[in-house]
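Residue numbers (numbering that gives the first Met the number 0): 0 to 346.
We put the CB at the ideal spot given by N, CA and C, even for glycine.
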Amino acid sequence: MSKEKQKKFAKPKSFSNYSDSKSDPLQKTSLLSKIFGNQKKLDDARKTFFTAYKFESNIKPLRIITLLLLFSVILGIGMFYIERNNEREYKNWKYQGISSIPPSNISNFDEVIEFSKIEKLSECDSWDPNKILEGKCDKSISYVKQMNETQSRSQILYIIQFLVMFLLFFPLGTFFHRSLRNIKTLRYQTSTSPEKSIVWIYFSVFLYFLAIFTSKFISKDFNISFSIVSLAFIFLTYRLYKSFSEIYQGSLLEKSSSLLSTFTIKFKIWFISYLSILFFNPSMITRFWAYETKDIDDLINATKFMNYSSIVIIIFCFISIVLVAEIYKLQEIKNIKFGSITVDPLE
Numbered sequence: 000m001s002k003e004k005q006k007k008f009a010k011p012k013s014f015s016n017y018s019d020s021k022s023d024p025l026q027k028t029s030l031l032s033k034i035f036g037n038q039k040k041l042d043d044a045r046k047t048f049f050t051a052y053k054f055e056s057n058i059k060p061l062r063i064i065t066l067l068l069l070f071s072v073i074l075g076i077g078m079f080y081i082e083r084n085n086e087r088e089y090k091n092w093k094y095q096g097i098s099s100i101p102p103s104n105i106s107n108f109d110e111v112i113e114f115s116k117i118e119k120l121s122e123c124d125s126w127d128p129n130k131i132l133e134g135k136c137d138k139s140i141s142y143v144k145q146m147n148e149t150q151s152r153s154q155i156l157y158i159i160q161f162l163v164m165f166l167l168f169f170p171l172g173t174f175f176h177r178s179l180r181n182i183k184t185l186r187y188q189t190s191t192s193p194e195k196s197i198v199w200i201y202f203s204v205f206l207y208f209l210a211i212f213t214s215k216f217i218s219k220d221f222n223i224s225f226s227i228v229s230l231a232f233i234f235l236t237y238r239l240y241k242s243f244s245e246i247y248q249g250s251l252l253e254k255s256s257s258l259l260s261t262f263t264i265k266f267k268i269w270f271i272s273y274l275s276i277l278f279f280n281p282s283m284i285t286r287f288w289a290y291e292t293k294d295i296d297d298l299i300n301a302t303k304f305m306n307y308s309s310i311v312i313i314i315f316c317f318i319s320i321v322l323v324a325e326i327y328k329l330q331e332i333k334n335i336k337f338g339s340i341t342v343d344p345l346e
């Protein structure tokens with residue numbers, strides 16, 4: 000009877016390989032410890048975090064960043080040609096006498112009828128099936144179809160571009176985290192925490208996009224909404240400035256006389272392109288510079304802005320490749336010439 004009770008209340012076999020309470024009481028396995036981890040695993044993670052480290056090469060993150068940025072350049076070139084063709088299409092409509100913007104969806108036929116009435120296109124002024132079958136609305140529907148095609152092509156590339164930029168966060172985080180760690184191994188004295196610096200940068204980027212998407216909900220007034228975005232932009236710029244200044248000061252072979260001379264020409268060119276993309280990216284254009292498109296002229300101007308945005312993206316991505324390559328080379332050269340030391344975070 001006692002043996003049956005022992006079997007009945009014995010430890011499940013599925014958990015037996017996870018637990019060894021005799022050798023290590025901290026290794027006891029429960030449902031919660033399986034989900035959140037046990038004390039031993041937490042202690043191991045802490046030990047790894049505070050382990051001494053040496054200079055690490057950034058070549059692998061650099062290659063991934065370069066590939067993704069080159070793909071962004073290709074996407075930017077595609078966006079440029081698509082927006083230029085869209086602009087030509089809209090100008091052609093204007094020459095044909097179209098003054099209002101066609102609806103982009105044919106499912107709401109009331110908008111198609113309203114567009115036809117404004118532009119006086121044939122006799123497409125009702126839901127009469129006979130008129131539709133006789134082709135009275137063919138011209139109006141053709142404009143709607145062309146509008147849908149032009150907008151769809153642009154949106155697909157912009158979505159892909161956004162996804163690529165999102166994927167870039169991971170190798171960029173690795174690259175700059177390692178760069179900030181390396182400057183300590185290169186005998187640069189700093190109290191900057193690489194982990195905190197990366198978290199602050201990511202948080203600043205999140206605030207910037209959050210400000211863009213919510214500013215118009217907070218206030219329709221241009222000055223107020225733009226001020227909200229500007230504050231987020233200033234905060235992001237400040238966080239980037241702090242990290243880049245540390246990286247360059249710790250990576251240069253010789254200490255510069257002033258902070259301004261610390262930054263190279265390549266970085267200064269990159270910074271100009273950074274300012275440009277913050278103010279002329281697609282999200283800013285659709286919510287500020289081309290927020291209200293009432294007629295065909297507004298649509299043409301909005302498309303021109305998108306065309307400029309494509310050029311800015313191409314330049315920014317290309318210069319970003321040059322920038323990360325420069326940081327990589329500076330640290331590798333300094334490591335070869337002066338060597339590196341082992342850094343113990345606990346000291």
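- [ ] Rank K53, S282, F287 and G96 by C-alpha distance to the C-alpha of I223 and give the top, closest one.
- [x] Within the sequence shown, numbered from 1, the residue matching residue 223 stands at position 224. Closest option to I223, Cα to Cα, is F287.
- [ ] Can you grab the Cα-Cα spacing for the pair R186 / L209, in whole Å?
- [x] Working through the sequence shown from its first residue, we reach residue 186 at position 187. Working through the sequence shown from its first residue, we reach residue 209 at position 210. Each residue's alpha carbon lies about 38 angstroms from the other.
- [ ] Helix, strand or coil for D294, going by three-state DSSP, please let me know.
- [x] Residue numbering aside, residue 294 sits at position 295 when the sequence shown is read from its first letter. The DSSP-derived three-state label of D294 is strand.
Task: Opposing strand residues paired with K192 [DSSP bridges] - done: As a first step, residue 192 is located in the sequence shown; it is residue number 193 there, counting from the start. Reading the sequence as shown, one finds Ser at residue 192 and not Lys. In DSSP, S192 forms no bridge with anything.
- [ ] Reducing DSSP to helix, strand and coil, say where S308 ends up.
- [x] For the purposes of this step, residue 308 is taken as residue 309 along the sequence shown, with counting starting at 1. Three-state result, S308: helix.
TODO: Within the same chain, show all residues whose beta-carbon is closer than 8 angstroms to that of M146, passing over the 5 residues directly before and after it, in chain order.
DONE: Working through the sequence shown from its first residue, we reach residue 146 at position 147. Leaving aside the five residues that flank M146 on each side, the residues in its chain whose CB is nearer than 8 angstroms to its CB run, in chain order, I100, P101, P102 and S103.
Open item on the list: Let me check understanding here. Comparing Cα to Cα, which of K254, E55 and I81 lies closest to E307?
Closed with: Translated into positions along the sequence shown, residue 307 becomes position 308. For the sequence presented, residue 307 should be read as Tyr rather than Glu. Checked all of K254, E55 and I81; the closest Cα to Y307 is I81.
Open item on the list: Can you tell me whether S260 is helix, strand or coil according to DSSP?
Closed with: Reading the sequence shown from its first residue, position 261 is the one you call residue 260. Looking at S260 - three-state DSSP - the assignment turns out to be helix.
- [ ] With DSSP as the reference, please indicate the residues paired to S99 in a beta bridge.
- [x] Within the sequence shown, numbered from 1, the residue matching residue 99 stands at position 100. Answer is D294.
Open item on the list: How far does the alpha helix (DSSP H) with R62 in it extend, from its first residue to its last?
Closed with: In the sequence shown, the residue the question calls residue 62 occupies position 63. For R62, the enclosing alpha helix (DSSP H) has its first and last residue at I58 to Y94.
- [ ] State buried or exposed for R177, treating a residue as buried only when at least 16 other CB atoms are found within 10 Å of its CB.
- [x] The count along the sequence shown starts at 1 and reaches residue 177 at position 178. Flag for R177 reads buried.
- [ ] Look up F208 in the DSSP assignment and say whether it is helix, strand or coil.
- [x] As a first step, residue 208 must be located in the sequence shown, where it is residue number 209. F208 falls in the helix class under three-state DSSP.
Open item on the list: For V228, which residues in the same chain have their Cβ closer than 7 angstroms to its Cβ, ignoring the five residues on either side in sequence?
Closed with: As a first step, residue 228 must be located in the sequence shown, where it is residue number 229. Hits under 7 angstroms: A210, I211 and S214.
Open item on the list: Mapping the DSSP letters down to three states, classify E167 as helix, strand or coil.
Closed with: Numbered from its first residue, the sequence shown carries residue 167 at position 168. According to the sequence as given, residue 167 is Leu; it is not Glu. Shown here, L167 sits in a helix according to DSSP, grouped into three states.
TODO: Give the DSSP-derived three-state secondary structure of D109 in the structure shown.
DONE: Residue mapping note: residue 109 aligns to position 110 of the sequence shown, counting from 1. Here D109 carries a helix assignment [DSSP, helix/strand/coil].
TODO: Give the DSSP-derived three-state secondary structure of F287 in the structure shown.
DONE: On the sequence shown, position 288 is the one that residue 287 refers to. Helix, per DSSP.
Open item on the list: Please classify Y89 as buried or exposed, where buried requires at least 16 neighbouring CB atoms within 10 angstroms.
Closed with: If you number the sequence shown from 1, residue 89 lands on position 90. Flag for Y89 reads buried.
Open item on the list: Short of 7 angstroms in beta carbon distance, which residues of its chain neighbour I268, apart from the five on each side in sequence? Order them along the chain.
Closed with: Counting from one through the sequence shown, the residue named residue 268 turns up at place 269. Same-chain partners within the cutoff: I318.
TODO: Taking 8 angstroms as the cut-off, decide whether the C-beta atoms of V342 and T184 are in contact.
DONE: Taking the first residue of the sequence shown as position 1, residue 342 is located at position 343. Taking the first residue of the sequence shown as position 1, residue 184 is located at position 185. One thing to note: V342 has its Cβ within 8 angstroms of the Cβ of T184.
Open item on the list: On the CB-based measure, 16 or more other CB atoms within 10 Å of its CB, does I340 come out buried or exposed?
Closed with: Translated into the one-based positions of the sequence shown, residue 340 becomes position 341. Under this definition I340 is an exposed residue.
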